[in-house]
Structures are given as C-alpha cells and as structure tokens.
Amino acid sequence: MNKIDTLKISNYDKFKCIADKCKFTCCEGWDISVDNDTYNKWENDKSNNILNNVKIKRYEGKDEYFINKETNKACPLLDNQGLCNIVKDHGENYLSLTCQSFPRIENVFEDRRELSLSCACPEVLELIGRETGKTNITSESNTSLESNVLEIRIREAVISILQQENFLLEDKLIISFQMLLTILENENLRKDALLEELEKYKNRDYVKELIHMYKGMKININDSIEEVNNLFLDIVENYKEVHLFHILLKDVVNFAENTKIKKLSSKWNDYKIIFDQYNAFIENCIISKIFSNCISNDIEEMIISLQMIILEYLMLRYSLFLKYCVDKEINEEDIKNYILAFSRIIGNNIDAMMEFIRDGFGDDVLEIGYLCFIALA
Ligand code: SF4
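Quick note on numbering: numbering that gives the first Met the number 0 labels position 2 of the sequence shown as 1, and the sequence is numbered without any gaps.
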C-alpha cells in the first residue's frame, strides 16, 4: 500500500489559539457540537462533573450532541476570564473533537491528507495577513503534489483561475463558478476529456476571453446595488443582535435600512478602487477557503461550496462599502473583522444558507446570470 502524503496549508504549524485574549472567541455565536465518543466519556466518568455543569442535547436523528445554549450566547463552560473550564480542569484532550480541532480542518483522500485552517478564527486571519506570497498547500515530504483524484484536479483548476494576476477577483470567481457548472452539465464526459477541459482554464487568454464575454453584459448599477443591499439585510437579519457581531453590524445595517440607493451607487466606483487595494489578502483568504471546503466527489456539492464562498466575498465587499459610506474609510482591521463575520454567518452555516437560497430562488444553485448581476456592477 502506498504511503499517504500529508500536505499543509501555508502557516498551518504557526497557528496558536490566544484563548482569553481572543476578541471573537469561537466559544460564542454558534452551536457547539459534542461528538458521541466525547459525550459517552463525559457521561461515564463519574469523577468529573461536566454534565452537572452544562446541559447537552442530542441532534435529532443523529449520534451527535450539542451544548444547550442560545446560539448567540457564550458557552456556559467558559469562566469569567473567558477560559475554558474543561481545559483548566481536565486538559485539552477532554474537549469534544470540534473544540479540540477548531480552526484546523482535515480532508483525507486516497493519496493524501490535507491540513488547512478556517478563516472563522481571527488568529488565522492574522497569519494570512502576514503572508507576503500566495497561500499554498505543500507536502511535508516535498514529493510531487500531483494527484489523480478528480476532485483535487478540479479544485486545482479553480485555484489556477483565482491566482491569475491582473484580473478582478469577482471576475475570476464568476469564471470558476461557470467552469464548475460546465462540468456539471457534462457529467458524463470521460475523465481524459474532462481533464482536457480543465486545462483550458489554466490558459490566461482563455480566461481573459471568458471575462470579456461576461463583462459585455449590461448591468444597471442601481438595480444591482439595490439587490445586494436587500440580500445583505436578509443574510444578517438573525445576526445583527448577536453579541460578537453587534458592533460590526449595528451602524452598517442601520445605514443600509435607511439609505437612498441612487446616492449610494454614486460612491460605488470610488469605493471599489480602495477595496481593490486589499485584493492580495482577500485572494489568499479565498484560496484558503477553497482548499478547505471546495472539495467533494459530488460536483454539485462543490458548486454549492464555491457559491457560498462567492456570497461571503460579496457580503464582505458590500458591508465594507457601507462602512466606507458611514466612516469615509476602511482599513485592514475592518477587512479581517468582516471576513471573520461572514465566514461564520455564511461559511459555517451552510444548512441555514441553503434553506435561505432554496426559499428565495427556488433552487440550491444560483443562476450564473444572477451572480453576474450582483457581482459585476
Ligand atoms: S477563535 Fe481562534 S484564537 Fe479565538 S478562541 Fe477560537 S481558536 Fe482561539
């Protein structure tokens, strides 16, 4: 049997949790799940009293549990300094798998194990912010990164498009999405024909031609901004009162609710020049998300993952636009804060987002025309 290679995303080994010093602790603002083995360990170990201090509920129809708290509230196992009582009393190994591993993500394939990091953690964003080059995944044994696994080859093509220089990020995201849709439409294509199709997207001129084609679409900037404004308000509706996000969302939501779209649109082009200065950092965050999440042997799942990453990007861009309109400026700290917020609101909430998209658009996958309408203004 061949030895499985381990690959790690840039900065993987540098990550260190800052616990009580973290301003966006992962112990607050979402559900905290407890795997079956950890639950049984806690229940059977009578010398420990974890289950006396916290109520645990079972997910319906699953062998998995969660800590019974309001989604937006902090974990009841945190002490008043923000430190975890389980870690203090019993050590890290006593935590549930989710708490032990976050923000680390592991994906295992037939020929490799990949370790990456979630952008829902502020320390991960700090590490990406210090990078001077492009985010990448490298092999521990320095062997060839080539893989025969089809989904890895497809993901490589997405990353190749996104790392092309001198194209706008939104253009590259649309072309990546279109490539995945093309693969879905031609699902019965033989593997060699599919790989040939993927190769086309590694060619800069081919990508340029496609971008040119989409750029030819006539998009009314007022209509597009009005749609994004409504989408933004719908997506953040359940989060604007969540303690962790309140400070980020309060002013921009208030502004979005009361704004005049025409006046807002007149500031869009100036804002985009400022926003584009942060492209290299945002691109690295998107690549990091693609490595972690945009990987499945079901092409529709892969499309949905990319769709969520595109929505996160559009919500980041728009919330910063609102912030720019309110404060007349944005800075790197704002970018990190909103990347983190939408990584949690959208990226870590796929089921709720899917329901939202299905209810609003009648399908799990958005039409490319609609994505162009909201992305390419
Ligand atoms: S979000 Fe990251 S840095 Fe903050 S407590 Fe969680 S793992 Fe630690």
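Glycine is no exception: its CB is placed at the ideal position from the N, C-alpha and C atoms.
Quick caveat, the model's predicted, so the values are computed rather than measured.
{"query": "Rounded separation between ASP34 and SER264 - CA only", "result": "48 Å"}
{"query": "Spatial neighbours of LEU6 in its chain, beta-carbon cut-off 6 Å, leaving aside the 5 residues before and after", "result": "ARG111, GLU113, ILE136, SER138"}
{"query": "Residue interval of the alpha helix (DSSP H) (run including THR97)", "result": "96-100"}
{"query": "Nearest-angstrom Cβ-Cβ length linking ILE31 and ILE66, presumed shorter than 8 Å", "result": "5 Å"}
{"query": "Residues bridged to LEU6 [DSSP beta-bridge criterion]", "result": "GLU113, SER138"}
{"query": "CB-CB length for GLU186 against ILE55, believed under 8 Å", "result": "In fact, because the Cβ distance is near 42 Å, the residues do not count as touching under 8 Å."}
{"query": "Sequence-distant residues of its chain with Cβ nearer than 8 Å to LYS22 (five each side left out)", "result": "PRO121"}
{"query": "Pick from VAL206, THR134, GLU226, ILE349 that is closest to ASN10, judged by C-alpha positions", "result": "THR134"}
{"query": "Where PHE176 falls, given that 16 or more other Cβ within 10 Å makes a residue buried", "result": "buried"}
{"query": "Nearest residue (CA-CA) to ASP391, options GLU256, PHE244, ILE220, LEU194", "result": "Outside the shown range of the chain, which is 0 to 376, sits residue 391, and nothing can be said about it."}
{"query": "Burial state of PHE360 (16 or more Cβ within 10 Å)", "result": "exposed"}
{"query": "Nearest residue (CA-CA) to MET352, options ILE373, MET307, LEU339", "result": "MET307"}
{"query": "Cβ pair LYS214, LEU126 closer than 8 Å", "result": "no"}
{"query": "Unbroken alpha helix (DSSP H) run spanning ARG154, endpoints", "result": "149-161"}
{"query": "Cβ neighbour criterion (16 or more within 10 Å) applied to GLU169", "result": "buried"}
{"query": "Simplified DSSP assignment, three categories, for ILE294", "result": "coil"}
{"query": "As assigned by DSSP and simplified to three states, the class of GLU311", "result": "helix"}
{"query": "Helix, strand or coil at CYS324 according to DSSP, with G and I counted as helix", "result": "helix"}
{"query": "ARG129 (DSSP reduced to helix, strand or coil)", "result": "coil"}
{"query": "Candidates HIS211, VAL252, ASN229, ASP78, of which the one nearest GLU240 by Cα", "result": "VAL252"}
{"query": "Cross-strand partners of ARG343 (DSSP beta bridge)", "result": "DSSP, once it has assigned bridges, lists no residue as partnering ARG343."}
{"query": "PHE244: CB within 7 Å of a non-hydrogen atom of ligand 1", "result": "no"}
{"query": "6 Å Cβ shell around ILE334 - same chain, five flanking residues per side excluded", "result": "TYR277"}
{"query": "Residue ranges of each beta strand (DSSP E) within the region 18-94, 3 or longer", "result": "32-34, 55-57, 63-66"}
{"query": "Three-way DSSP call (helix, strand, coil) for ASN377 in this model", "result": "Residue 377 cannot be examined here, being either before or after the span of the chain that is shown, 0 to 376."}
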